[in-house]
Amino acid sequence: MAAEHAAAVHDPNIGCTGLDHRKMGMWAFLGSECMFFGSLIGTYLAYKGKSINGPGPHEILNIPLTSLSAFVLLMSSLLMVLALAAVQRNDMKWGKIWLFMTALFGAGFVGFQCYEFTHFVHLGLTLQTNLFGSTFFVLTGFHGAHVTGGVIWLLSLWVLALRGKLGPQDSLKVEICGLYWHFVDIVWIAIFTLIYLIP
Amino acid sequence: MDSSHAAPAAAHAPGEGHATVQTYVKVAVVLGILTAIEISALYVPGLPNGALVTLLLVFSVLKFGLVVAFFMHLRYDNKLLTALFVGPLIIAMGIIFALMALFGAYILLARG
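If you read the protein sequences in the order shown, they are chains C and B.
So for the first sequence, numbering that gives the first Met the number 0 puts the first residue at 0; every next one is plus one.
So for the second sequence, numbering that gives the first Met the number 0 puts the first residue at 0; every next one is plus one.
Written as C-alpha cells, this is what we have:
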C-alpha cells in the first residue's frame, strides 16, 4: 500500500487529485465535445421542419440502413472494451484481434455514412439545398469525421501491438482511446434517436 | 515510455476496478435489445406520437447511461471524472433546450 502510494507520488503523470493527467485531460476534452455536439444537435432541432423546399428528412432518410450502421457502431463499443480487457490481462493475441475488429466496425460505419451521403446528393440534398441539408450534413459530417479519427487512432494502436510495442503496461493508452471511441458511440445514440427515429 | 509504464497502477486507486467481460457482454446484449425495441416501435400501428417520442427518448437516455457507466467505467472511476463529464453535458442540454425555445421548435408538443 505504502509502495503503491510512493509510486503514485513519484509518477509525473499523477497530479494532486491522485488521477492520471492524461485520463483527466481526455475527460475534460470529452466534456468540451459534449458542448460542441450539443450546439450542432440544438441547431438541427431548432431548424427542424423549417425548410421552405425539399427534400425533407421523411422523404430520404433510410431507417433500416441507418439502424444497421448504428448497431455496428454500438457493437464496436463492445469490441473496444474487450480489447482493453485483453490488453490489461496481457492477452495480446486477442488484444490485437479486438483492436482490429473495432477499427473494422468503425470503418464499416464510415462506409455506411459515405454511401448515405452520396445517395442523398444524388437525390438532390446537398449542404446548400435547404436548412435540413445544412444542419444534417454539418452534424453527421462532424460525427463521421470523429469516427474516422477514432479509426486512425485504433489502427495506430493495432500497428503498435503488431510491432510488440503495446503491452499491459500501456493499457492506459488503450483505455483513453476507448473513452474517445465510446464517446463517438454515445453521440451517435443521441443523433440516431433525434434525427432518424423521432418522426 | 517510462512514464506510461507506471500508469496502470496509478490510474485506478485500490478498490476501484472495471467490470468483467461477462458484464460487458450483458450490457451489449441489453443495448442491442433496447435498439431493437426502439426500431420496432416505429412500425407499431396506431402508437400515439407522444408515446413513441417518450419511449425513444427514455431508451436513448438508458443506452447513453449504460455506455457511460459500464463501457467508459464512470461507475467504477473517481467521481471527479464524472463531474468533468456531467457538468458540460448539463450545459450542452441547456444549449439544446435554449436553442429550441428561441426558435420555437419542440419535440413533444405541436408547434404553436
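Don't be surprised by glycine CBs; every beta carbon is placed ideally from N, CA and C.
At a cut of 8 Å, does the stretch 115-127 of chain C reach the stretch 77-86 of chain C through at least three beta carbon pairs? no
In chain B, which residues lie less than 9 Å from residue 198 of chain C when you measure between Cβ atoms? 41, 48, 51 and 52
Cut-off 7 Å between Cβ atoms - residues of its own chain near residue 123 of chain C, not counting five sequence neighbours on either side: 54
Can you give me the start and stop residues for the alpha helix (DSSP H) that residue 184 of chain C sits inside? 170-190
Report yes if the CB atom of residue 37 of chain C is closer than 8 Å to the CB atom of residue 38 of chain B, and no otherwise. no
Pick helix, strand or coil for residue 13 of chain C, following the three-state DSSP scheme. strand
Looking only at its own chain, which residues have a Cβ that is under 8 Å from the Cβ of residue 62 of chain B, when we skip the five neighbours before and after it? 30, 33 and 34
Taking 8 Å as the CB-CB limit, is residue 70 of chain C close to chain B? yes
Of all the residues that make up the stretch 44-59 of chain C, which are near chain B by a beta-carbon distance shorter than 9 Å? 44, 45, 46, 47, 48 and 49
Under the criterion of a Cβ to heavy atom distance below 7 Å, does residue 37 of chain B qualify as lining the ligand GDP? Absence of the ligand GDP is noted for the structure shown, with no ligands found whatsoever.
Range of the contiguous alpha helix (DSSP H) that encloses residue 87 of chain C: 62-87
What does residue 19 of chain C pair with, by DSSP beta-bridge criteria? C:13
By how many angstroms is the C-alpha of residue 80 of chain B removed from the C-alpha of residue 17 of chain C? 12 Å
Less than 8 Å between CB atoms is the rule here; does residue 150 of chain C satisfy it with respect to chain B? no
Reference residue 109 of chain C, options C:99, C:140 and C:90, closest by Cα: C:140
Whose C-alpha, out of C:58, C:184 and C:170, is nearest the C-alpha of residue 147 of chain C? C:184
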